[in-house]
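Structure, as structure tokens:
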Amino acid sequence: MQINRLFETIYILLDKKTTTAKKLAERFEVSERTIYRDIETLSSAGIPIYASQGKGGGISLLDDYVLDKSILSEREQNEILYALQSLSVTKAPQTDQVLAKLSSLFHKNKTSWIEVDFSPWGSDESSIGQFTVLKDAILSRRIIEFHYFNSSGEKSTRKVEPVKLVFKVNAWYLQAFCLTKNTNLTFKISRMSNLRMTPQTFAKKNSDELQESGQTPKAQNWIDLCLKTSAQGAYRVYGEFDEKDITQNKDGSLTVTASLPDSKWLISYLLSFGADVEVLSPQKIRDALRDELNDMVNKYKNRT
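Using full-length UniProt numbering, read the sequence shown as starting at 1 and increasing by one per residue.
Below is the structure:
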């Protein structure tokens, strides 16, 4: 406990230059006498710390004192700070404290130049809590249980050994060893519910095997499409397709040639463009869209 207090005292002084024994005592919830003993301990260890009296006095470090950071270049120091800023999306504990301490250590201002938010619009505290549970379970090697809905909408109960969180193609996935199926699987987090971390722990073996396998979300079949998009839908096309796959036509419309996953998701995705998109090929996707639209029309035309 004293070691942590001594280091934090140094970080505070590197940042604020001068503080008082009273403020340090309040921060660490100890007596001022204990703070002065800490100062003696630091001084004995060769830290140039001193106390001054009078107006503007207090506990200070010599102005030219810095902790040894010579093993890191300027660029490496910046990369560490930038990585910590982006790490805040994972809700990692004490990220802000570590960032503040290293900023002081490197004598750099904490510039908030990046903000990463992977949560969907409208997500609530429960979805953020779900992410935290998964992270804690991975780090502590605790088995988790949850209900899972597959791509066909079938619900099952799973018990898994969580290994890694993966963000891929606009979605979070969990890589895990599934005790229910006795194999390594990847689960889409948005399809998980009633997540619970159990008291049971698991050995590192399965974790290492999955890490080494480099397993990624299940490979899908892909299909080549040719799409025609109106000028009104251009903003989405340029935001969601590679520019090299887009051709602008004289009338302002766009022709897109791209490969997309051949799954139920594809029909829903194409329908999300509304009337702004027409599938030129292949015919089977045109037919699937027509059938889906007919089903939708039938659901509404008979209701009065």
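Just so you know, even glycine gets a beta-carbon here, dropped at the ideal spot from N, CA and C.
Buried versus exposed call for residue i [16 or more other C-beta atoms within 10 Å across all chains shown]
i	result
F131	buried
P199	exposed
Y238	exposed
P48	exposed
G214	Because G214 sits at a pLDDT of 47, beneath the cut-off of 50, its placement in the model cannot be relied upon, and the point is left open.
Q283	exposed
G274	exposed
Y235	exposed
K218	Unreliable positioning characterises K218 in this predicted model, as indicated by a pLDDT of 49, which lies under 50. The coordinate reading is nonetheless provided below. That one is exposed.
W265	exposed
Q248	exposed
L270	buried
Q175	buried
A137	buried
I39	buried
T229	buried
F7	exposed
V297	exposed
residue 309	Because the chain is modelled from 1 through 304, residue 309 falls outside the range shown and cannot be assessed.
T9	buried
Y173	buried
Y148	buried
T216	Only weak support is given to the placement of T216: the predicted model assigns it a pLDDT of 48, under 50, and the question is left unresolved by the model.
Strand pairing of residue i, partner residues [DSSP]
i	result
A21	None; A21 has no bridge partner.
Q283	Per DSSP, none; premise fails for Q283.
G58	S52
W222	P261
K164	Q175
M197	I144
Q248	L254
N184	F177
R158	F146
E278	K228
M192	Y148
Closest Cα partner of residue i within the set the options
i	options	result
G129	Y269, K55 and L195	L195
T18	K135, L61 and Q53	L61
E154	N184, F167 and S193	S193
S140	M197, F7 and F177	M197
D276	G233, K250 and E243	G233
I59	Y11, L179 and D136	Y11
L134	I189, S31 and R158	I189
T183	K168, K159, R191 and V166	K159
T255	D262, I267, S263 and E278	E278
residue 308	L14, K16, T34 and D15	Because the chain is modelled from 1 through 304, residue 308 falls outside the range shown and cannot be assessed.
L42	G57, L13, T157 and V30	L13
D251	E243, P261 and A231	A231
Q53	L24, T20, R75 and A25	T20
K204	E240, K244 and V163	V163
R27	K16, D242, R5 and K181	R5
R191	K181, R37 and T157	T157
D285	Y300, Y36, K299 and I267	One point to set straight first is that residue 285 is Ile, not Asp, in the sequence displayed. Of the candidates Y300, Y36, K299 and I267, the one whose C-alpha sits nearest the C-alpha of I285 is I267.
A51	F167, R75, S281 and L24	L24
Cβ-heavy atom distance, residue i to the ligand SAH, below 7 Å
i	result
I10	With respect to the ligand SAH, the structure offers nothing, as it holds no ligand at all.
Integer Cβ distance of residue i from residue j, believed to fall under 8 Å
i	j	result
C226	T257	5 Å
residue 330	F177	Shown here, the chain extends from 1 to 304; a query on residue 330 therefore has no answer.
I223	S272	Incorrect: roughly 17 Å between the Cβ atoms, too far for contact.
F202	I143	6 Å
N221	D287	In fact, because the Cβ distance is near 17 Å, the residues do not count as touching under 8 Å.
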